[in-house]
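> Residue numbers (our numbering), protein chains in the order written: chain A, 8 to 337; chain B, 14 to 385; chain C, 8 to 158; chain D, 404 to 562; chain E, 460 to 635. Every residue gets a Cβ at the ideal spot worked out from N, C-alpha and C, and that includes glycine.
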Amino acid sequence: MVITGVCLLAFLVVLCFFLGYMERKVAAFMEIRLGPNRVGPKGSMQIVADTVKLLFKEGLTPDGADKFLFNLAPFIVVITSMLVVAPIAYARDFQLWDINIGVLYVSSISSMAVIGILMAGWSSSNKYSLIGAMRSGAQIVSYELSIGLSLISIVILSGSLQLSEIIESQANGWWIFKGHIPVIISFVIFIIASTAEINRAPFDLTEAEQELTGGFHTEYAGMKFAMFLLSEYINLFVVSAIAATIFLGGWMPFHIGGLDAFNHIMDYIPSSIWFFGKTFLIIFIIMWFRWTFPRLRIDQLLNLEWKYLLPISMVNILLVTAMAIMGWHF
Amino acid sequence: MLLGQDHITEEGEFVINMGPQHPATHGVLHLKIGLDGETIKKIEPHLGYIHRSIEKMCEQLSYRQFIFTTSRMDYLSAHINNQACVLAVEKALQVEATPRAKAIRVLMAELTRLASHQLWWACMGLDLGAVTPFFYAFREREAINTIIEETCGTRLTQNYMVPGGVMMDIHPNFQKRVKEVLKQIKEKAHEYDELLTGNVIFQQRLKGVGYLSKEDAVSYGCSGPTARASGVSCDVRKLFPYDGYEQLKFDEILNTEGDSWARYLVRLGEMKQSISIIEQLIDNIPEGDFQAKTKNVIKLPKGDFYQRVETARGELGVYIVSDGGATPYRCKFRSPNFSNLSAIPKMAEGAKIGDLVAIMATVDLVIPDIDR
Amino acid sequence: MTNEELKYSITELLPVATYDESGEFLNIIIPSDELIPLMKELRSKKEFDFDYLFCLTCIDWKDHLMMVYHLLSKVHKHCIVVKAKITDIQNPKIESVNCIWKTAELNEDEVYDLFGIRFLNHPNLRRLFLEEDWKGFPLRKNYVDENMIKL
Amino acid sequence: MFLKEYFGTIFNSVKSLLTGMKLTGYYFTHLKEIVTEEYPDNRATLKMAERFRGEVTMPHNENNEHRCTGCQSCELACPNGSIKIITKQEIQADGKKKKRIDTWVYHLDMCTLCNLCVIACPSEAIVMGQNFEHSVYDKKQLKKILNKTGSKLMEGVEE
Amino acid sequence: MDIKNNVPANKLIFPGQIHETPDGGFLITKLDEVINWARSNSLWPLIFGTSCCAIEMMSAADAKYDWSRFGFEVARASPRQADLIIVAGTIVMKMAPVLKRLYDQMPDPKYVIAMGACTISGGPFFYNTYSVVKGVDHIIPVDVYVPGCPPRPEALLHSMITLQEKIKNEAFFRKS
């Protein structure tokens with residue numbers, strides 16, 4: 008168990024390297040340029056270079072800062088994002104910790120990241136950081152609701168909070184296909200709200216480079232800043248993995264009822280490839296958002312949640328419940 | 014980054030200092046902002062972080078030399094700044110540039126305006142958090158820069174205008190290249206709309222933000238797209254034509270809304286007008302000399318001379334006071350950005366921090382032009 | 008209005024004004040203490056309606072300082088230059104026109120910074136470009152700066 | 404009515420967002436649109452425009468002769484004093500003394516490449532060079548002497 | 460790609476350059492190499508531009524010149540996260556303390572590129588001006604100078620490659 012855990016952590020770091028590289032390349036190709044291509048083959052070692060550099064940078068703590076909280080905050084942020092990784096099923100029969108309240112666990116732990124961000128912003132004793140942290144508080148607390156509601160719609164349909172059971176319930180078809188329009192709406196809301204929850208553009212108001220120079224991490228340097236970057240990418244992976252698990256069937260292969268030959272071929276593809284394929288599809292979509300849209304303003308961000316996403320997801324829950332009771336889904 | 018010394022703000026007010034080094038200020042502007050939560054209560058601009066004493070310097074430079082310093086003021090409309098200087102000198106000498114030189118000047122000025130607006134559009138997206146528009150706009154801007162470089166020799170601070178005409182004749186490829194670039198820009202124009210103009214987030218960020226009434230625009234001395242978006246007709250090319258603008262057909266883009274969205278639309282419209290001006294001229298460059306004969310050492314008659322031109326940001330005035338010598342006695346540049354900046358505190362009253370960024374982006378300040 | 012008509016109307020208002028018509032615009036030269044009454048008339052009277060102050064600067068003529076105001080009427084499209092002569096070169100001061108044109112505020116700050124003219128009734132007179140403790144006023148002709156390298 | 408407006412807004416917003424994504428998606432899938440020029444790799448083929456101003460140069464011919472008479476027009480024309488010409492008296496073959504350049508000092512660190520010196524030069528002794536790779540670790544290296552050691556004035560320039 | 464081939468030979472010779480001693484030991488030398496490799500390939504510039512050169516700096520970031528190929532594109536707005544400050548544009552007396560402060564806020568190791576004539580020596584504003592700092596090296600130590608007014612984007616890229624060369628020859632573990 009411990010060895011698996013350690014391996015998983017190492018895997019996460021490698022994954023983050025890959026995600027960083029992927030982000031830069033996606034950005035570059037969307038922006039009609041080449042992107043990193045000097046360091047290592049095709050620029051693949053770029054992120055390694057960045058990380059090594061950040062490791063050997065001077066770690067500054069500003070004079071006015073609350074030293075303890077300032078140094079603690081990045082660890083809290085990284086630890087919370089790593090905790091969420093635990094219950095994810097990476098492949099068939101490969102789940103580190105199949106807790107029976109998986110969905111609840113995921114949604115509750117992931118909202119704890121805001122504490123780290125608030126801590127970072129407050130302890131920096133920088134006004135930009137403080138504004139960034141306050142924005143983050145308002146933002147994450149609001150969007151938590153939509154995420155919760157969209158996850159609940161699947162909990163209602165599958166009747167379980169355990170992630171493995173939710174995956175099992177999709178053996179005959181993913182929820183996004185089985186659940187008709189209401190689940191598609193839930194899925195879209197989940198993607199939007201989780202983009203906001205992990206502070207990625209167009210919802211990156213906590214960092215908002217043009218407004219707040221760096222938001223909550225303005226004063227962070229070197230290793231501690233690297234940890235914020237690390238947690239950003241782990242979060243990105245986690246929300247995509249959760250979305251893939253809950254809406255797209257996790258490691259379940261793609262099956263079409265009745266076409267046995269086709270289904271058989273699909274079964275030959277390893278389950279981990281199914282899982283990562285789906286996850287990376289969602290990661291790509293979230294990156295696509297980032298490199299296309301301008302940033303929202305803070306009041307518009309809250310408007311979007313309270314005026315659009317929340318009412319829609321509430322009505323949606325009603326529909327899903329009705330669907331579950333009447334058995335209208337496949 | 015934070016220079017904390019506040020004498021204008023009240024006790025207990027949350028004051029943040031935006032600048033001198035801040036990504037949204039496009040240079041080294043320092044805005045002291047009094048905040049109530051995220052809402053801006055008051056703004057005080059602090060200038061001088063790039064005050065290079067150009068006006069003092071001009072008093073020591075000859076009339077051929079002082080032109081080059083103006084390229085460094087509003088470096089995005091370097092050609093147009095230079096044009097203002099040479100026009101002022103020509104007005105004083107009562108020399109007129111040759112028809113060919115005039116056409117070339119207008120072409121260059123409009124290319125510069127186009128490039129400048131493209132850079133503005135790029136930074137507009139960047140300021141509002143969309144990175145990709147930057148690259149699309151710079152693709153076209155680079156094409157224009159290449160043309161300008163081919164003829165003038167440099168990309169940004171050209172120093173191409175000389176009293177009496179232009180320094181060199183246009184490059185033989187000039188006309189062909191310009192037509193290619195215009196074609197390219199027209200083909201890619203829809204991308205601007207798809208990426209930003211039509212985008213709902215973008216519209217929401219700009220509509221109703223940073224309102225400036227017509228009266229205020231006039232009183233604050235605003236000019237250029239900033240004033241035209243408030244309905245003030247102030248295009249120098251129309252009101253006080255120079256270098257043959259009176260013979261060209263183009264519209265002065267006016268909008269009465271006065272908000273950031275109006276300023277955005279006015280600038281987009283101006284890009285189209287610039288293209289139309291270039292198209293009218295590119296095949297009709299008169300033959301002849303590119304430079305009228307002027308004396309080697311220029312001495313202006315006694316008196317004061319004011320020449321205004323329309324740069325990409327508004328009305329630039331060059332005010333030369335001459336005592337009859339070979340150098341200006343006093344040289345004052347009435348810069349459009351200086352006046353436009355003074356209206357920003359008015360526009361940003363009651364706005365959010367994010368709005369301030371949007372306002373600054375639509376007013377499109379170039380700080381060295383303010384500080385000179 | 009044409010320059011002639013402007014000249015005629017302004018002479019009625021302010022007989023002490025002298026004129027210089029050699030340049031492009033009509034130049035009115037007035038003593039500095041007559042500035043505010045004249046400017047108020049120029050702004051408020053319907054036939055003048057000079058609502059746009061497009062250039063405000065100062066010239067150091069060694070024995071006196073000259074404030075220069077370039078005015079334009081957006082309605083009538085006529086221009087005028089008002090020049091106010093300040094003879095007290097040691098301790099120059101003049102009324103601020105900030106109450107008439109808001110653009111004057113920063114422009115007057117600039118003139119104060121570079122020429123040292125104190126503007127009375129100015130809301131926030133400060134050194135705009137240079138540091139608060141900068142010695143001297145650089146655009147004055149008698150300004151000396153040992154750090155400045157002459158070519 | 405309210406609901407229609409509400410969903411109309413949502414529909415239009417989503418549509419506008421998807422239009423933007425379509426555009427970026429187009430470029431993501433069409434890699435031939437990439438316009439990047441790989442600078443250090445394309446040095447062999449990189450050609451500057453023929454009028455490009457990279458630095459002031461003084462061409463010498465194969466006999467180590469230049470065209471500069473030392474008239475100092477360029478020094479006077481330069482707006483920011485980046486040219487300094489030091490002259491010397493040289494005794495000609497016929498015994499006459501003539502002014503010749505000793506060193507032609509060029510401050511590349513101050514030059515704004517405004518082309519005024521080239522225009523001012525009556526004998527076309529200086530031209531704008533194409534090289535732009537001037538990065539150095541030491542500022543002193545940017546002070547250049549343009550006339551080569553032992554170089555002479557070209558025959559027939561002065562007349 | 461080997462960048463060394465593209466830097467003219469005379470630029471590699473640099474007075475005061477620190478050379479690796481042969482008795483440095485295998486491990487330390489190797490670690491040094493790794494660190495220098497990482498540092499030279501991950502120069503994050505601070506978004507700092509005061510005037511015209513800033514526009515050419517932006518051009519160097521755009522799609523045509525694209526400094527992201529070298530990994531420079533992570534331009535940080537906060538000096539705490541930047542490794543490199545490209546002083547792009549004139550520095551005046553009032554800005555000098557701010558620049559110094561920004562430089563001090565950057566964590567070690569930090570590098571400076573002086574871009575353009577104004578920053579190298581005051582350039583066009585050297586004579587007859589009262590407010591311009593005559594060269595940014597009066598305020599902060601400069602690693603690479605790149606002349607031009609403004610230098611082309613390629614020239615800026617060249618200067619960054621030159622800086623990479625310098626970093627690669629540094630020693631992380633200094634020997635007494």
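1. Quick one: which chain C residues come within Cβ less than 8 Å of Y332/B?
2. Provide the residue(s) that pair with E468/D in DSSP beta bridges, ordered along the chain.
3. Residues of chain D with a CB under 8 Å from the CB of F81/B: which are they?
4. Starting from the C-beta of G484/E, find all residues in its chain whose C-beta is less than 7 Å away, skip the five residues before and the five after it, and write them out in chain order.
5. Report the start-end ranges of each alpha helix (DSSP H) in the segment 94 to 162 of chain A that is 4 residues or longer and not cut off at the edges.
6. Residues in the same chain with beta-carbon distance under 8 Å from Y28/A, minus the five sequence neighbours each way, listed in chain order, please.
7. Anyone know if the C-beta pair for S131/A and Y275/A falls short of 9 Å?
8. Would you give the residue range spanned by the beta strand (DSSP E) that E102/C belongs to?
9. How big is the Cα-Cα spacing for S247/A and R31/A?
10. Per DSSP, D49/B is paired with what?
11. So R200/A and S157/A are in contact, right, with Cβ under 8 Å, and what is the actual spacing, rounded?
12. Can you name the start and end residues of the alpha helix (DSSP H) that K625/E belongs to?
13. Output yes or no for whether 9 Å exceeds the beta carbon distance between K559/E and I598/E.
14. Is the separation between the beta-carbon of M259/A and that of A329/A shorter than 9 Å?
15. Any Cβ of chain A within less than 9 Å of the Cβ of G484/E?
16. For a contact defined as C-beta to C-beta under 9 Å, what are the partners of E532/E on chain B?
17. Residues of chain E with a CB under 8 Å from the CB of D152/C: which are they?
18. How big is the Cα-Cα spacing for T432/D and V33/A?
19. What is the DSSP secondary structure of P504/E, counted as helix, strand or coil?
20. Note the first and the last residue of the continuous beta strand (DSSP E) segment covering C65/C.
21. Looking at the strands, I want to know which residues DSSP matches up with M73/C.
22. Say whether chain A places a C-beta atom closer than 9 Å to the C-beta of A522/E.
23. May I have the straight-line CA-CA distance separating V118/C from I63/B, to the nearest angstrom?
24. Between which two residues does the beta strand (DSSP E) harbouring E323/B extend?
25. Which residue comes first and which comes last in the beta strand (DSSP E) that contains P38/C?
26. Does any residue of chain A have a CB that is nearer than 9 Å to the CB of K407/D?
27. Answer with buried or exposed for P36/B, where buried requires no fewer than 16 other C-beta atoms within 10 angstroms of its C-beta.
28. Quick check: what's the CA-CA separation for A520/E versus E468/D?
29. Taking I319/A as the reference, give the member of G256/A, K134/A, A72/A and V190/A with the closest Cα.
30. Within 9 Å (strictly less), CB to CB, does R611/E reach chain B?
31. Please decide whether K154/B counts as near chain D, where near means a Cβ-Cβ distance under 9 Å.
32. Along the chain, where does the beta strand (DSSP E) that runs through K501/D open and close?
33. Can you confirm whether the segment 170 to 190 of chain B touches the segment 229 to 248 of chain B when touching is taken to mean that 3 or more C-beta pairs between the two stretches lie within less than 8 Å?
34. Between S66/B and I124/C, what straight-line distance do the alpha-carbon atoms span, to the nearest angstrom?
35. So, S355/B versus P58/B, is the Cβ gap smaller than 9 Å?
36. Just to confirm my understanding: we take A93/A, look at its own chain, exclude 5 residues before and 5 after, and list those with CB closer than 7 Å. What are they?
According to the structure data:
1. Here residue 332/B corresponds to residue number 319 of the second sequence, with the count starting at 1. Result: C62, T64, V75 and H77.
2. Your numbering for residue 468/D matches position 65 in the fourth sequence. DSSP output for E468/D lists K555/D as bridge partner(s).
3. Counting from 1 along the second sequence, the entry for residue 81/B is found at position 68. Within chain D, the residues near F81/B are P482, T515, C517 and L519.
4. Position 25 of the fifth sequence, counted from the start, is the residue given in the question as residue 484/E. Summary for G484/E: the model assigns pLDDT 49, below 50, so the residue's position carries little reliability; its value from the coordinates is reported in the next sentence. If we look at G484/E and ignore the five residues flanking it on each side, it has no Cβ neighbours.
5. 109 to 117 and 120 to 130
6. Position 21 of the first sequence, counted from the start, is the residue given in the question as residue 28/A. The answer, listed in chain order, is P43, G50, S51, Q53 and I54.
7. For this step, residue 131/A is matched to residue 124 along the first sequence. For this step, residue 275/A is matched to residue 268 along the first sequence. Taking 9 Å as the Cβ cut-off, S131/A and Y275/A do not qualify as a contacting pair.
8. Within the third sequence, residue 102/C is the residue found at index 95, counting from 1. From DSSP, the beta strand (DSSP E) with E102/C extends over K100 to E102.
9. As a position in the first sequence, residue 247/A is number 240, starting the count at 1. As a position in the first sequence, residue 31/A is number 24, starting the count at 1. In a straight line, the C-alpha of S247/A is about 18 Å away from that of R31/A.
10. By one-based count along the second sequence, residue 49/B stands at place 36. According to DSSP, which records beta bridges pairwise, D49/B is partnered with T52/B.
11. The residue given as residue 200/A occupies position 193 in the first sequence. The residue given as residue 157/A occupies position 150 in the first sequence. Strictly speaking, residue 200/A in this sequence is Ala, with Arg absent from that position. Indeed, because the Cβ distance is near 7 Å, the residues count as touching under 8 Å.
12. Walking along the fifth sequence from the start, residue 625/E turns up at place 166. Run containing K625/E: P612 to K627, per the alpha helix (DSSP H) assignment.
13. Here residue 559/E corresponds to residue number 100 of the fifth sequence, with the count starting at 1. Here residue 598/E corresponds to residue number 139 of the fifth sequence, with the count starting at 1. Yes, they are a contact pair.
14. As a first step, residue 259/A must be located in the first sequence, where it is residue number 252. As a first step, residue 329/A must be located in the first sequence, where it is residue number 322. Cβ distance not < 9 Å, so M259/A and A329/A don't count as in contact.
15. Locating residue 484/E in the fifth sequence gives position 25, counting from the first residue. Its pLDDT being 49, under 50, G484/E is placed unreliably in this model, and the coordinates cannot settle the point.
16. The residue you call residue 532/E lines up with position 73 of the fifth sequence. The contacting residues do not exist; E532/E stays about 10 Å from chain B at best.
17. Mapped onto the third sequence, residue 152/C falls at position 145. Per Cβ cutoff of 8 Å: Y589.
18. What you label residue 432/D is simply residue 29 of the fourth sequence in a count that begins at 1. What you label residue 33/A is simply residue 26 of the first sequence in a count that begins at 1. If you take the alpha carbons of T432/D and V33/A, they lie about 10 Å apart.
19. Working through the fifth sequence from its first residue, we reach residue 504/E at position 45. Here P504/E sits in strand by DSSP.
20. For the purposes of this step, residue 65/C is identified with residue 58 of the third sequence, where counting begins at 1. Y59 to D67 is the span of the beta strand (DSSP E), which, as asked, contains C65/C.
21. Within the third sequence, the letter at position 66 stands for residue 73/C. Answer by DSSP bridge pairing, in chain order: I66/C and K92/C.
22. Start at 1 with the first residue of the fifth sequence, and residue 522/E comes out as number 63. Output row for A522/E: interface = yes.
23. Taking the third sequence and counting its residues from 1, the one referred to as residue 118/C is at position 111. Taking the second sequence and counting its residues from 1, the one referred to as residue 63/B is at position 50. Using only the alpha carbons, I get a separation of about 17 Å.
24. As a working mapping, residue 323/B is identified with position 310 in the second sequence. From DSSP, the beta strand (DSSP E) with E323/B extends over G316 to T324.
25. For the purposes of this step, residue 38/C is taken as residue 31 along the third sequence, with counting starting at 1. Segment N34 to P38, the beta strand (DSSP E) holding P38/C.
26. Position 4 of the fourth sequence, counting from 1, holds the residue named residue 407/D. Not an interface residue.
27. By one-based count along the second sequence, residue 36/B stands at place 23. By the neighbour-count rule (16 or more Cβ atoms within 10 Å), P36/B is buried.
28. Residue 520/E sits at position 61 when you count from the first residue of the fifth sequence. Residue 468/D sits at position 65 when you count from the first residue of the fourth sequence. Approximately 43 Å, taken between the alpha carbons.
29. To locate residue 319/A, count along the first sequence from 1; it is residue 312. Out of G256/A, K134/A, A72/A and V190/A, V190/A has the C-alpha closest to the C-alpha of I319/A.
30. Taking the fifth sequence and counting its residues from 1, one reaches residue 611/E at position 152. R611/E counts as touching chain B.
31. The residue labelled residue 154/B in the question sits at position 141 within the second sequence. In the sequence under discussion, the amino acid at residue 154/B is Arg, which differs from the Lys named in the question. So no, R154/B is outside the interface.
32. As a first step, residue 501/D is located in the fourth sequence; it is residue number 98 there, counting from the start. Counting along the chain, the beta strand (DSSP E) containing K501/D begins and ends at K500 to H510.
33. no
34. Taking the second sequence and counting its residues from 1, one reaches residue 66/B at position 53. Taking the third sequence and counting its residues from 1, one reaches residue 124/C at position 117. If I take the Cα positions, the gap works out to 18 Å.
35. By one-based count along the second sequence, residue 355/B stands at place 342. By one-based count along the second sequence, residue 58/B stands at place 45. Yes; because the gap between Cβ atoms is below 9 Å, this pair is in contact.
36. For the purposes of this step, residue 93/A is identified with residue 86 of the first sequence, where counting begins at 1. L103 and W104.
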